[in-house]
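Numbering (this note's numbering), first residue to last: 116 to 391. A short worksheet on the structure shown next.
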């Protein structure tokens with residue numbers, strides 16, 4: 116039995132069944148989903164009380180779903196769709212109404228602008244170029260980053276990031292160089308496959324340097340603070356384990372705009388992304 120459904124984005128939808136007895140039979144029920152637009156490349160689905168299980172994916176050119184052992188009194192059919200270069204849509208929830216022998220659908224709530232889409236935890240390592248090698252030997256740090264969904268169905272996103280780093284100094288009058296930095300910027304996701312994507316990022320922010328040493332050369336160590344502007348660029352290579360967890364690794368470059376020069380550092384960052 117094949118049933119037609121259209122995953123539109125603005126009107127409630129229903130699937131009609133002649134009787135509920137098809138769900139009580141051992142044979143699977145086949146349902147055809149009509150994509151919301153010609154741009155939809157794939158559809159995936161699962162059934163249950165919550166969408167926490169594995170997804171079954173079908174091609175948008177032949178979008179036939181097969182339901183086995185579906186309990187229409189308790190379970191829900193979850194359907195998502197995907198366009199090239201974009202993330203999966205939020206879930207359409209289909210519930211079977213035994214009184215009317217029809218399907219009711221709950222449309223996904225639209226996300227508000229600047230919705231917090233995901234969080235990243237990442238360590239990083241930076242090494243100086245010739246312009247900053249007189250001060251820095253190496254830098255090891257960690258960062259917390261929040262990604263902001265400008266539009267759920269578009270690959271452009273914003274982010275804010277906070278980080279702490281420290282490292283040994285090559286200067287005789289500074290023992291340890293520490294820094295706290297904040298930055299904000301934008302990224303752009305490009306899909307390279309079902310689980311892999313590349314995402315260039317660029318951001319601007321401030322670095323608060325915390326220098327512990329004898330800066331005035333009076334024989335006494337003290338803490339000195341100064342602030343630089345910074346530009347950070349990265350090219351993230353992301354691998355999706357599941358809907359919630361992603362691993363990424365990226366080459367990283369930082370420009371520090373000091374009073375008399377521009378210092379450059381390069382390195383690598385890697386970590387986990389947790390999708391909300």
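All C-beta atoms in this analysis are idealised placements derived from N, C-alpha and C, irrespective of residue type, glycine included.
Unbroken beta strand (DSSP E) run spanning residue i, endpoints
i: residue 304; result: Per DSSP, residue 304 belongs to no beta strand (DSSP E) and is neither H nor E.
Spatially closest choice to residue i from the options, by CA coordinates
i: residue 186; options: 299, 369, 237 and 162; result: 162
i: residue 339; options: 378, 244 and 293; result: 293
i: residue 357; options: 151, 202 and 155; result: 202
i: residue 365; options: 374, 354 and 349; result: 349
i: residue 390; options: 160, 196 and 230; result: 230
i: residue 344; options: 312, 378, 354 and 361; result: 378
i: residue 176; options: 200, 148 and 239; result: 148
i: residue 342; options: 316, 198, 234 and 325; result: 325
i: residue 154; options: 197, 165, 189 and 193; result: 197
Integer Cβ distance of residue i from residue j, believed to fall under 8 Å
i: residue 322; j: residue 371; result: 6 Å
i: residue 181; j: residue 195; result: The pair is not a contact, with the Cβ atoms about 16 Å apart (cut-off 8 Å).
i: residue 159; j: residue 167; result: Contact flag wrong, Cβ pair sits at about 14 Å.
i: residue 236; j: residue 386; result: 5 Å
i: residue 295; j: residue 279; result: 6 Å
i: residue 241; j: residue 381; result: 7 Å
i: residue 254; j: residue 282; result: 4 Å
In DSSP terms, what residue i is bridged to
i: residue 281; result: 255 and 293
i: residue 360; result: 389
i: residue 384; result: 239 and 365
i: residue 376; result: In the DSSP output, where bridge partners are listed per residue, residue 376 has none listed.
Residue i, DSSP secondary structure in three states
i: residue 264; result: strand
i: residue 221; result: strand
i: residue 245; result: coil
i: residue 201; result: coil
i: residue 159; result: strand
i: residue 181; result: strand
i: residue 310; result: coil
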